[in-house]
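Numbering (mature numbering (1 follows the signal peptide of the UniProt record, and there is no 0)), first residue to last: -26 to -1, 1 to 271. Each residue gets a CB set at the ideal place from its N, CA and C atoms; glycine is no exception. Since this is a predicted model, take the numbers as computed values, not measurements.
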């Protein structure tokens, strides 16, 4: 079970402070009213003058407290953690289970490399592995498997390209890296140390804007438009996004995972800010599968 995020604790503490402040300010106000009205008429009981105001202030404070608690508890779980040696499990085939990755800044990159590992039995037709959308392009950088043609599909700036001859095995860990750069417009994928050919795709413009990055779902519009045909079930781990095309030797190191591979400078699995929703959950990798061929780092 995920722990309550710090935001919710802050909301609760602020609510208590507001309630305390309301009682304090109410007391000060009451004292002023008492002094003025006592001088005006000593025959009127002070309790009759102050009790209604104090009751209304307390009711307003309680109502404010309840509203803030409801808003905090209704938000998806958001946290920043090191997920080294962990996986995110997607156990249900629906559009309500997803994970969003939150970078520290907006995008302004002329190239990118996305690396991840996944383990699935492909319950949906075209499961999506990675989906990045910006206000300009709903599918700015996405990766999915097309079951009917048995090819990987890479989408850059809403333009698609299929890459053939790469493995997609059921119930086995598969390591994937995908690269693209704006200068050449060339895309390439690496799956379990097998490289595809390079193919030109998309307009030769950089990635810009505030991205929405999802795991488990395929965005057909900015921050939404999920379709169950593209939902992912299984495990995803070691997601890293780099603001450049990684050299082949670094991609090979990631694939082999026998030494410390280069961590992402835009999305880093070892220092990840994410939101998790639906039935998705974080688990230890060694508790969900056998040897993943990855040494502890």
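| Check | Outcome |
| --- | --- |
| DSSP three-state call for residue 58: helix, strand or coil? | coil |
| If you run the structure through DSSP and keep just helix, strand and coil, what is residue 128? | strand |
| Where do the N-terminal and C-terminal ends of the beta strand (DSSP E) with residue 74 fall, by residue? | 72 to 75 |
| Here's the rule: buried if 16 or more other CB atoms are within 10 angstroms of the residue's CB, otherwise exposed. What is residue 142? | buried |
| In the structure shown, what three-state DSSP assignment does residue 196 receive? | coil |
| For residue 192 and chain B, any beta-carbon pair shorter than 8 Å? | The chain inventory of the structure shown lacks chain B, comprising one protein chain alone. |
| Going along the chain, which unbroken runs of the alpha helix (DSSP H) with 4 or more residues stay wholly within the segment 188 to 249? | 222 to 230 |
| Can you give the beta carbon distance from residue 98 to residue 67, rounded, assuming they're within the 8 Å contact cut? | 6 Å |
| Quick one: using the 10 Å Cβ neighbour count with 16 as the cut-off for buried, is residue 21 buried or exposed? | In this prediction, residue 21 has a pLDDT of 43, which is less than 50 and means its spatial position is unreliable; nothing more can be read from the coordinates. |
| Could you check if residue 264 is buried or exposed, using at least 16 other CB atoms within 10 Å of its CB as the buried criterion? | exposed |
| Can you say whether residue 222 is buried or exposed, counting buried as having 16 or more other CB atoms within 10 angstroms of its CB? | exposed |
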